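J.:
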Amino acid sequence: RKEVEQDPGPFNVPEGATVAFNCTYSNSASQSFFWYRQDCRKEPKLLMSVYSSGNEDGRFTAQLNRASQYISLLIRDSKLSDSATYLCVVNKDTNAGKSTFGDGTTLTVKP
Amino acid sequence: EAQVTQNPRYLITVTGKKLTVTCSQNMNHEYMSWYRQDPGLGLRQIYYSMNVEVTDKGDVPEGYKVSRKEKRNFPLILESPSPNQTSLYFCASRTGAPLYNEQFFGPGTRLTVL
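Protein chains in written order, with the numbering used here: chain A, -12 to 98; chain B, 48 to 161.
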């Protein structure tokens, strides 16, 4: 089993739709969680950190469920420009230098 | 401009010919990492460094070497490249602890080993 697993996708949605991605992690000691966005094999860029209480940034909401060991990303009112691959990232508690990425979920928003 | 730079951006080489991919950051970050990205496998961490002269293995270190002699530079060395090292490579940096810190990525190096 992979340490970090994401919904395989791809997700194809119409503009304006709400879409949610999940990401599960296996190490219960993991301490920090992130969502990154990657466009067409370019460098990943931070979308959101994920805090224990959940956090929102405009149309994007991230949630953390430690009991079930998953994080989620909700995109509301999706735009064409949201089309990308979304990567979840988990940093372990024991060594802050080590990061584990999920394989990514590809989202295509269509007119 | 704050950035992570990598060179070269594209490289085609042959099996066994030693190569170095350079990575430099101008943000005075303590942490630097190298990743490779392959279709269907996401980003996998090769090596990381928590400061000058402090490096450690990531998930896929075999066939690679790194060094951190200066804070800004973190070169990736392939002593004897093989075709299975054909991949897209990213360097990244971030500040030290606490854990909630963004990683900044370089633009990537697309390596082909024939």
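All C-beta atoms, glycine included, are put in the ideal place defined by N, C-alpha and C.
Every value quoted in this text rests on a predicted model; they were computed, and no experiment measured them.
Under three-state DSSP, which class holds P128/B?
T.: Numbered from its first residue, the second sequence carries residue 128/B at position 81. Coil at P128/B, not helix or strand.
J.: Against chain A, does M97/B count as a neighbour if the rule is that its beta carbon must be under 9 Å from one of theirs?
T.: As a working mapping, residue 97/B is identified with position 50 in the second sequence. Taking Cβ atoms only, chain A reaches closer than 9 Å to M97/B, which makes this a yes.
J.: Determine, using beta carbons only, whether E30/A comes closer than 9 Å to chain B.
T.: Position 43 of the first sequence, counted from the start, is the residue given in the question as residue 30/A. Cβ-Cβ to chain B under 9 Å: yes for E30/A.
J.: Using three-state DSSP, classify S71/B as helix, strand or coil.
T.: For the purposes of this step, residue 71/B is taken as the residue at position 24 of the second sequence. If DSSP states are grouped into helix, strand and coil, S71/B belongs with the strands.
J.: Just to confirm, are Q50/A and L61/A a CB contact at a threshold of 9 Å?
T.: Residue 50/A sits at position 63 when you count from the first residue of the first sequence. Residue 61/A sits at position 74 when you count from the first residue of the first sequence. Closer than 9 Å, so yes.
J.: Using three-state DSSP, classify D90/A as helix, strand or coil.
T.: Your numbering for residue 90/A matches position 103 in the first sequence. D90/A: coil per DSSP, three-state reduction.
J.: Between T11/A and the rest of its own chain, which residues show a CB-CB distance below 7 Å, the 5 nearest in sequence each way excluded?
T.: As a working mapping, residue 11/A is identified with position 24 in the first sequence. The answer, listed in chain order, is E(-8), Q56, Y57.
J.: Going straight from the alpha carbon of S96/B to that of G3/A, what length do you get?
T.: Reading the second sequence from its first residue, position 49 is the one you call residue 96/B. Reading the first sequence from its first residue, position 16 is the one you call residue 3/A. Each residue's CA atom was taken as its position, placing S96/B and G3/A some 42 Å apart.
J.: Output needed for T72/A: all residues of its chain with C-beta closer than 6 Å, excluding positions within five of it in sequence on either side, in chain order.
T.: The residue labelled residue 72/A in the question sits at position 85 within the first sequence. Excluding residues within five positions, the ones whose Cβ falls inside 6 Å are Q25, G91, T93.
J.: What would DSSP say about S68/A, mapped onto helix, strand or coil?
T.: One-based indexing of the first sequence puts residue 68/A at position 81. If DSSP states are grouped into helix, strand and coil, S68/A belongs with the helices.
J.: Give a yes or no on whether 9 Å exceeds the smallest Cβ distance from G89/A to chain B.
T.: Indexing the first sequence from 1 puts residue 89/A at position 102. Interface residue, yes.
J.: Would V51/B and C138/B be called neighbours here (beta carbons separated by less than 9 Å)?
T.: Here residue 51/B is taken as the residue at index 4 of the second sequence, counted from 1. Here residue 138/B is taken as the residue at index 91 of the second sequence, counted from 1. Yes, they are a contact pair.
J.: Measuring only the C-alpha atoms, how far is S36/A from E149/B?
T.: Mapped onto the first sequence, residue 36/A falls at position 49. Mapped onto the second sequence, residue 149/B falls at position 102. One C-alpha to the other measures close to 8 Å.
J.: For K85/A, which residues in chain B fall below 7 Å Cβ to Cβ?
T.: Walking along the first sequence from the start, residue 85/A turns up at place 98. Simply Q92, Y95, G105.
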